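So in the numbering used here, the last spot in the first sequence is 396, and the numbers never skip.
Cβ atoms here follow ideal geometry from the backbone N, Cα and C, with glycine treated the same way.
What you are looking at is a predicted structure, and each value in this text was computed from that prediction instead of being measured.
Below is one structure, written out as structure tokens; the observations come after it.
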Amino acid sequence: MTDRVFARGSTPFRNRDALSDRYTPSELVGRDEELAQYKEYLEPVVWGEDPNNIFLYGKTGVGKTAATKYLLSALEADVADYDDTHVESVQVNCDSLSTSYRVAVAIVNEIREPHEQISESGYSTSEVYEMMWRDLDAIAEETPPDQTTIVLLVLDEIDHTEVGEDSILYQLSRAEENQNLQRARIGVIGISNDLTFSDRLSPKVNSSLCQKKIFFETYDANELEAVLEQRASVAFEDGAIESGVLSLCAAYGRKQSGDAREAIDLLRAAGDIARSDDREIVTEADVEEGRARVERENVVEGVRSLHEHSRYTLYALSTLAAEGETPARTRTVYERYELVCDLAVADPLTLRRVRDFLRELEMLGAVTLTEQNRGSRGGQFLEADIRHPIDVMVTALDGTIDELGAHDSIVEYLPE
DNA sequence: TTTCCACAGGAAGGTACGGTCT
DNA sequence: AGACCGTACCTTCCTGTGGAAA
């Protein structure tokens, strides 16, 4: 009777979802100045006037997206009380949308119903732009003719998109002069984690899209702790958090350049550890363990979604590490990589390509690369090493190792 | 100060693929 | 079916780099 697999035991959580990405707190802590300014810039919308284009910038996890969600939902709700104006927001995250074409497709698909979605290829760029304008205008068509329709287009992580002439940002900045829209009035809210992004824009686009700029200051230690306290008070039972836990998470967030999201993720991971241990109290030790676990999980998850040959590269480097041959220069890694390709019965790609893989793996946090320079007796080169213990790499690479067989050097690290 | 090493990584161009349109 | 489109993924070529040595 008692040997069930799942059971609810002790938990420190009251509402764990309050620590999720999707959760919008009822009040934003420590962002008073930014919110006041933001609100002022949105004011014309309340009056049914032409909206400002607004540009938010600041490091990751400092509340830009949260502030936007919070203010826009309030704005949409409050303007609904005035029957001469209708506000609607269209939100698109440009992460992984590196081309204008894809951003435009994403905007169209965001507006359209699921059964009318368009595919990500096949059209010309100008066709997609036309669809975009038509769809934006269509939002206004649905409202009574005497109503002013304002569409706020939120482009989150806008710094991931291209910026050249004819780019989507250029198109958006000229919507008015080109009379692309008949009825709808559009305001663009750009959100960037890259502080220098607006410098990359042409002066024309810059002055139009970055009409009103708001800089989101990095959270200082106090603000960060206040943010955590607020979330924790919703997420955890009273007294479930040992003193010191929050400041430890906050310190970690500070280290990640004031990133509240990282700090919150860490707090959640610590809570998860306590819960899986069937405890009601979260300790500082849980935070430490959570930190290691979060980092590992990111790597393991990341590696799974990598390109096949990128994993071969990591496999090659891991075997070198197991033999104590790291740090190893790119050339050495490449030679081992060629052996791995032999195992895989695959043609090896070029050295140039493997260099790209190594950089990619570095971004993921799986690999460290160090620049070396031995002058005229060796020149410049990179040295690579794995960033986590070999057994973590073996876990991350399990599918690949199953497929290719284990290299002698790593056999001892394989799970039973 | 100049030379030189050994590579890093940008640029350009090719191919294959999954799409749409007529 | 066949013309076109945008993109992922490669290769090839080549310029730039920074410190040790002369």
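Counting along the chain, SER0 sits inside no beta strand (DSSP E), nor does DSSP assign it H or E at all.
With a cut-off of 8 Å on Cβ pairs, the stretch -9 to 3 is in contact with the stretch 242 to 249, counting three or more such pairs. If you draw a 10 Å sphere on the C-beta of MET343, you find fewer than 16 other C-beta atoms in it, and that means exposed.
Distances from the CA of SER106 to each of ALA46, ILE148, VAL67 and TYR37 were compared; the closest alpha carbon is that of ILE148. Looking at the backbone, the Cα of VAL334 and that of VAL131 are separated by about 45 Å. Contact between ALA47 and GLU13 does not hold, since their C-beta atoms are separated by about 11 Å, which reaches or exceeds 8 Å. Residue nearest to SER104 within the set SER80, THR380 and ALA215 is SER80 (criterion: CA-CA distance). Excluding residues up to 5 positions away in sequence, LEU52, GLU56, LEU132 and VAL134 lie with their Cβ nearer than 7 Å to the Cβ of SER69 in the same chain. The straight-line gap separating the alpha-carbon atoms of ARG316 and ASN73 is approximately 39 Å.
Between the C-alpha atoms of THR310 and ALA326 there is a straight-line separation of about 20 Å.
Our two residues, ARG259 and ASP266, have alpha carbons roughly 11 Å apart in a direct line. Under the three-state reduction of DSSP output, ASP75 falls in the coil class, being neither helix nor strand. Distance from the CA of TYR18 to the CA of ILE194, rounded to the nearest whole angstrom, comes to 7 Å.
When rounded, the separation of the alpha-carbon atoms in TYR292 and HIS140 is 28 Å. In the DSSP assignment, HIS287 is bridged to no other residue. Rounded to whole angstroms, ASN160 and GLU110 show a C-alpha spacing of 8 Å.
The C-alpha of ALA201 lies about 11 Å from the C-alpha of GLY10. Just so you know, the alpha carbons of GLU100 and ASP75 end up roughly 15 Å apart.
Residue pairing by DSSP places LYS193 opposite PHE35 in a beta bridge. Check the Cα spacing between CYS321 and each of GLU156, GLY270, ILE381 and ASN278: the tightest is with ILE381.
Of all alpha-carbon atoms in GLU392, ASP365, GLN210 and CYS190, the one lying nearest the alpha-carbon of ALA230 is that of GLN210.
In the DSSP assignment, GLN360 is bridged to ASN353. About 5 Å separates the beta carbon of VAL279 from that of ALA346, a gap short enough to meet the 8 Å contact definition.
Looking at CYS190, GLY359, ALA364 and ILE390, the one whose alpha-carbon comes closest to that of VAL372 is ILE390. DSSP places VAL25 in the helix class (H, G or I) of the three-state scheme. DSSP places GLY167 in the uninterrupted beta strand (DSSP E) bounded by 165 to 172. The criterion of a C-beta distance shorter than 8 Å is satisfied by ILE91 and ILE119. Only residues of its own chain outside the window of five on either side were considered, and among them VAL185 have a CB closer than 6 Å to the CB of TYR150, listed in chain order.
Considering only ALA215, SER182, SER213 and ASP174, the residue with the shortest C-alpha distance to GLU197 is ASP174.
Ranked by Cα distance from LEU323, the first of THR312, GLY28, THR330 and ALA296 is ALA296. Residue GLY41 holds the alpha-carbon nearest to the alpha-carbon of ILE171 among LEU226, ILE261 and GLY41. Restricting attention to VAL262, VAL374, SER188 and ARG234, the CA atom closest to the CA of ASP218 is found in VAL262. With a minimum length of 4 residues, the unbroken runs of alpha helix (DSSP H) contained wholly in the stretch 190 to 231 fall at 201 to 215. A check of alpha carbon separations from LEU338 across GLU205, HIS287 and GLN127 identifies HIS287 as the nearest.
Going by C-alpha positions, VAL207 is about 21 Å away from ILE253.
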